[in-house]
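Using our numbering, the first residue of the sequence shown is number 164, and each one after it goes up by one.
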Amino acid sequence: MPSPGPSSVTIAFARRLKVCRQAAGFETALDAANALGINQHRYRLYERGMREPPLDLLVKMADTFGKTIDFLVRGNPKP
Numbered sequence: 164m165p166s167p168g169p170s171s172v173t174i175a176f177a178r179r180l181k182v183c184r185q186a187a188g189f190e191t192a193l194d195a196a197n198a199l200g201i202n203q204h205r206y207r208l209y210e211r212g213m214r215e216p217p218l219d220l221l222v223k224m225a226d227t228f229g230k231t232i233d234f235l236v237r238g239n240p241k242p
């Protein structure tokens, strides 16, 4: 039996993550990974929706990209 693919929430998060990375001026996944202190492969898994970040990394992503956690996860703009 094949394993289920990523959920729609994970896919939406991955798309927003890439857009936020680019908007924050990080041209490549490697640039973002370096800023976050993780390796590029791990970061790319998040942008591809193949893995979800732990909470502490999610907080760091939001801070690094100038967004709220709520925006990254649910797409709600900053108040």
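No residue lacks a Cβ here, since even glycine has one placed at the ideal position from N, Cα and C.
Candidates the options: closest to residue i by CA position
| i | options | result |
| --- | --- | --- |
| Thr191 | Glu210, Ser170, Gly168 | Glu210 |
| Tyr206 | Asp233, Val172, Lys181 | Lys181 |
Check whether residue i and residue j have beta carbons under 8 Å apart
| i | j | result |
| --- | --- | --- |
| Ala196 | Gln203 | yes |
| Phe189 | Ala198 | yes |
| Cys183 | Lys223 | no |
| Gly238 | Ala175 | yes |
| Arg179 | Leu235 | yes |
| Pro167 | Gly212 | no |
Residues of its chain near residue i, where Cβ-Cβ distance is below 7 Å and the 5 sequence neighbours each way are ignored
| i | result |
| --- | --- |
| Leu193 | Gln203 |
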